[in-house]
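Asker: One structure coming up, written as structure tokens, with questions to follow.
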């Protein structure tokens, strides 16, 4: 039986202590003042004491350093196995969110025979007990770590079984194909005939079409998971850092009237219409003889090279816009942003987005244009696959299916059924590793090490 605080550390209105294991009901009887057994899946308001009056095994009472007759009002909910999060008996205690109170409750449960849970152990038990597969377990961590609504929605869809169903459908078809081929190899004289090469290639093509669809989907999923990058460039003193701060919503970059204040990259992650976006304030792409500025400009070039969108900032209050810098970026997706619309205009560009970083005028229109330029709306179609591990394994399955298809169509039947079966088996093993049906212990340890204690 394990126990841990399930809510984030620190003070709060409510904190939750979770207990899972065969002793959960016994711990509830010994620590709660509620008479009788808790009604399953029903929230019961009661009190908790930190002294267990009897151990039930003839031993001395379990005591806590904070022992008292009643320590806090709690809401207790009991979920008997197997209909619980972990698949074991689960007790959840909602108490006041004081770290002292929650720690004392945990120690009282430990005194009653529970042990402290390892990171991710509750979800690991859910996986081992068949409540969820490995994809759904990973989705729990992704949902907890989600930084934007799109990330949260993608994680929930995976937790809800979207990818599970897609992989299971491919695996079932692949299993049937392998079974037919194995029968033709093992029992050649008993009415089992080898599938004709053209028919076999067609069946494999259908499987490859489904794995290809997942991989195409994964490109959008990776954008949701990893986000996009926007670099802000422009000549000195056009307001790059001021605009960066305005988009971020805080004074992350130093802003002065001295040209060239920014000499290194400054980054901040923001939410742009539900998408994770890394904003990069750069030193610009100007020519300079200053060794420090040269390094800053080189880093700016590197940031531009890996960015999905470039915001080219120009000062509309000055007579000469940064045409040289604009020309340097002709091969990149870019938006021209004319800053300082609060000052008299020295020129106008109908294609530029007019803003004032100082007053905030035009920022909403700039955000709208950024969303438009990044094709964020295309990401609203929910991708089934976002996890790099899953993508890698689907790619492995897709490649193995390609080899099997080539073997099936080898001229003159040069490739035997055994070669085809070997590649089909590699594809199926990759799919089983995604779901966790074939998962080595070191992989499970790595995945569940991402979790916090209590989940």
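In the numbering used here, the protein residues as written are -1 to 453.
Even glycine gets a Cβ: it sits at the ideal position worked out from N, Cα and C.
Computed from a prediction, not measured in an experiment: that's the story for all the values here.
1. What residue from 446, 414 and 392 has the CA that sits closest to residue 424's CA?
2. In angstroms with no decimal places, state the Cα-to-Cα distance between residue 344 and residue 316.
3. According to DSSP, is residue 101 part of a helix, a strand, or is it coil?
4. Per DSSP, what kind of secondary structure is residue 32 in: helix, strand or coil?
5. Residue 123 and residue 18 - do their beta-carbons sit closer together than 8 Å?
6. Could you tell me the boundaries of the alpha helix (DSSP H) in which residue 316 lies?
7. At a cut of 8 Å, does the segment 2 to 14 reach the segment 33 to 52 through at least three beta carbon pairs?
8. Can residue 428 and residue 398 be called in contact, C-beta distance under 8 Å?
9. Who does residue 240 pair with in a DSSP beta bridge?
10. Between the C-alpha atoms of residue 431 and residue 165, what's the straight-line distance to the nearest angstrom?
11. Based on Cα-Cα distance, which residue from 199, 369 and 68 lies nearest to residue 406?
12. List in chain order: all unbroken alpha helix (DSSP H) runs of 4+ residues lying wholly within the segment 125 to 164.
13. Which residue or residues does DSSP assign as beta-bridge partners of residue 228?
14. Should residue 268 and residue 302 be called a contact, given that it needs their Cβ atoms to be closer than 8 Å?
15. Relative to the C-alpha of residue 138, which candidate in 278, 153 and 92 has its C-alpha closest?
16. Which residues in the same chain have their Cβ closer than 7 Å to the Cβ of residue 170, if we skip the five residues on either side of it in sequence?
17. Please determine, among 95, 132 and 120, the residue with the shortest C-alpha to C-alpha distance to residue 453.
18. Assuming residue -1 and residue 85 make a contact with CB atoms under 8 Å, what is their CB distance in whole Å?
19. Among 364, 307, 306 and 339, whose alpha-carbon lies nearest the alpha-carbon of residue 313?
20. Do residue 263 and residue 297 come within 8 Å of each other at the CB atom, strictly closer than that value?
Answerer: With the given structure in hand:
1. The sequence position of residue 424 within the chain shown is 426, counting from 1. Ranking 446, 414 and 392 by Cα distance to residue 424 puts 392 first.
2. To locate residue 344, count along the chain shown from 1; it is residue 346. To locate residue 316, count along the chain shown from 1; it is residue 318. The straight-line gap from Cα to Cα measures roughly 6 Å.
3. Residue mapping note: residue 101 aligns to position 103 of the chain shown, counting from 1. Residue state, collapsed to three classes: helix.
4. Numbered from its first residue, the chain shown carries residue 32 at position 34. Reduced to three states, the DSSP call for residue 32 is coil.
5. To locate residue 18, count along the chain shown from 1; it is residue 20. To locate residue 123, count along the chain shown from 1; it is residue 125. Yes, Cβ-Cβ distance for residue 18 and residue 123 is below 8 Å.
6. Residue 316 sits at position 318 when you count from the first residue of the chain shown. From DSSP, residue 316 is part of no alpha helix (DSSP H); its letter is neither H nor E.
7. no
8. For this step, residue 428 is matched to residue 430 along the chain shown. For this step, residue 398 is matched to residue 400 along the chain shown. Yes.
9. Counted from its first residue, the chain shown places residue 240 at position 242. DSSP, once it has assigned bridges, lists no residue as partnering residue 240.
10. Sequence index remark: in the chain shown, residue 431 carries index 433 (1-based). Sequence index remark: in the chain shown, residue 165 carries index 167 (1-based). So the two alpha carbons sit approximately 11 Å from each other.
11. What you label residue 406 is simply residue 408 of the chain shown in a count that begins at 1. With distances taken between Cα atoms, residue 406 lies closest to 199.
12. 132 to 143 and 147 to 157
13. Position 230 of the chain shown, counted from the start, is the residue given in the question as residue 228. Residue 228 is bridged to 277 and 307.
14. Translated into the one-based positions of the chain shown, residue 268 becomes position 270. Translated into the one-based positions of the chain shown, residue 302 becomes position 304. In this structure, residue 302 does not lie closer than 8 Å to residue 268 by Cβ.
15. For this step, residue 138 is matched to residue 140 along the chain shown. Residue 153 is the option with its Cα nearest to residue 138.
16. Taking the first residue of the chain shown as 1, we reach residue 170 at position 172. No residues qualify anywhere along the chain.
17. Here residue 453 refers to the residue found at position 455 of the chain shown. Nearest option by C-alpha distance: 120.
18. Within the chain shown, residue -1 is the residue found at index 1, counting from 1. Within the chain shown, residue 85 is the residue found at index 87, counting from 1. Residue -1 to residue 85, Cβ: 14 Å. No contact.
19. Position 315 of the chain shown, counted from the start, is the residue given in the question as residue 313. Nearest of 364, 307, 306 and 339 to residue 313, Cα basis: 339.
20. Indexing the chain shown from 1 puts residue 297 at position 299. Indexing the chain shown from 1 puts residue 263 at position 265. Yes. Within cutoff.
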